[in-house]
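Encoded as structure tokens, the structure appears first; notes follow it.
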Amino acid sequence: MEGQLGLEGMPRKLVRVTPAKLATWSDCPRRYRMAYLDRPTPARGGAWAHNTLGAVVHNALRAFFELPPTRRTVEVASDLVRRYWKSDGFRDADQAAEHRERARGWVAAYVDGLDPTVDPVGLERWVSTPTSRIVAEGRVDRIDARDGELVIVDYKTGRHVLTADDARGSQALALYAVAARRTLRRPCRRVELHHLPSGQVLTWEHTEESLARHVRRAEEAADDLQLAADTLAAGGDPDVLFPPRPGRQCSWCDFRRHCAEGQRAAPDLDPWALLAP
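Residues in the sequence shown are numbered from 1 upward in steps of one, following this note's numbering.
Take a look at the structure:
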């Protein structure tokens, strides 16, 4: 009894979560289990061309801002895409070359509208903050300082045009804002999605209330995923605790080959199928 009372008085262990973990859990508990809990981790599928394209653009922009201001030119930015280019997931060399040139154009147009003398506060910066129930953490593409406050910048290269609602509703951006102000000790409410293919910048200015709502939803999801993980470790049934959530997203799931429900729910796609036409 004394031991039980002692445990009840102990502080609750905080659950460490990233936006990627929360999104995976929400999307499909089975995929969450295979990605984060199963050991050894089941073999993943091959590379997707649209992911390769996005990674190249992110790497080129990070390298661009790491240069001295005098070297931050449109020509240098375009060349960085060529330097970081990879062809994983593309159909053939011609398709890869076409999208490499497309990405060079996106990056060149993007940096042409920037002030090259302004240094970001963070590039691929890891930020973290505890709440009463979780530790929310993650890596932010870019953190700017404007008018005495921090601004979260997230690059997007997908084929779908975005809206301000995407910035407003992004749990990832909201958690980054909360974590950034804790890590860097400065106010942070503004979040931005920079969609390079269209040149759009979608912004949202959070309030304390809207940030708190995102944190509460993250805490509720973290409670659920941690309970499932603890029950699994105690011998629970993985298929009951982590059921599949079949849908069209099963076409591009990394663990598709291990999930019969996912294979039935959506057709196979070529690795380049999600590129913009």
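We treat Cβ as the ideally placed atom computed from N, Cα and C, and that holds for glycine. As the structure is a computational prediction, the values presented were derived from the model and not from experiment.
Discussion item. Using C-beta distances below 8 angstroms, list every residue in its chain close to T52, excluding the 5 sequence neighbours before and after it, in chain order.
Written reply: Contacts found: K86, S87, D88, G89, F90.
Worksheet entry | As assigned by DSSP and simplified to three states, the class of W85 | In the structure shown, W85 sits in coil (DSSP, three-state: anything other than H, G, I, E or B).
Item to complete: Quick one: grab the DSSP three-state call for G6.
Response: At G6, the pLDDT of 43 sits below 50, so the modelled position is not reliable; the number obtained from the coordinates is stated separately. Collapsing the DSSP output to three states places G6 in a helix.
Worksheet entry | Whole-angstrom distance between A180 and R248, CA atom to CA atom | Whole-angstrom Cα-Cα distance: 34 angstroms.
Item to complete: Using DSSP bridges, identify the partner residues of Q200.
Response: Among the bridge pairs identified by DSSP, Q200 is matched with H195.
Discussion item. Would V57 and V81 qualify as a contact pair, given that the criterion is a beta-carbon distance under 8 angstroms?
Written reply: A contact, by the Cβ cut-off of 8 angstroms.
Worksheet item: Near A109, what residues of its chain come up, given a Cβ to Cβ distance below 7 angstroms and the 5 sequence neighbours on each side ignored?
Response: Answer for A109: G199, listed in chain order.
Item to complete: Give every residue of the same chain whose Cβ lies closer than 8 angstroms to the Cβ of A222, excluding the five residues on either side of it in the sequence, and list them in chain order.
Response: Within its own chain, the residues whose Cβ lies closer than 8 angstroms to the Cβ of A222, once the five positions on either side in sequence are excluded, are V15, V17, L22, R133, I134, listed in chain order.
Discussion item. Using 8 angstroms for Cβ pairs, my map puts M34 next to P42. What's the rounded Cβ distance?
Written reply: Indeed, because the Cβ distance is near 5 angstroms, the residues count as touching under 8 angstroms.
Item to complete: Give me the Cα-Cα distance between G6 and L227, rounded to the nearest whole angstrom.
Response: The pLDDT assigned to G6 is 43, lower than 50, so where the model puts this residue is not dependable; a value taken from the coordinates is nonetheless given after this. Using only the alpha carbons, I get a separation of about 21 angstroms.
Discussion item. At the level of alpha carbons, what is the spacing between R71 and D119?
Written reply: Roughly 13 angstroms between the two C-alpha positions.
Worksheet entry | Through-space distance from H50 to R83, alpha-carbon basis | Each residue's alpha carbon lies about 18 angstroms from the other.
Worksheet item: If you draw a straight line from the C-alpha of E192 to the C-alpha of G235, how long is it?
Response: E192 and G235 have their C-alpha atoms spaced approximately 43 angstroms apart.
Worksheet item: In terms of DSSP beta bridges, what is K21 paired with?
Response: Looking at the DSSP assignment, K21 forms no beta bridge with any residue, so it has no partner.
Worksheet entry | Buried/exposed call for H160, threshold 16 Cβ in 10 Å | For H160, the number of other beta carbons within 10 angstroms of its own is below 16, and it is reported as exposed.
Item to complete: Could I get the ranges of all uninterrupted alpha helix (DSSP H) runs contained in the segment 76-147, with 4 residues as the minimum, in chain order?
Response: The qualifying runs are 93-112.
Worksheet item: In terms of alpha-carbon separation, which member of R31, A103, P29 lies closest to H276?
Response: One detail in the question is off: residue 276 reads as Ala in this sequence, not His. Scanning R31, A103, P29 for the CA closest to the CA of A276 turns up A103.
Practice prompt. With hydrogens ignored, establish whether the beta-carbon of C250 is closer than 7 angstroms to any heavy atom of the ligand GDP.
Written response: The ligand GDP is not among the ligands present in this structure, which contains no ligands whatsoever.
Discussion item. In whole angstroms, give me the CA-to-CA distance for R264 and C253.
Written reply: When rounded, the distance between both Cα atoms is 13 angstroms.
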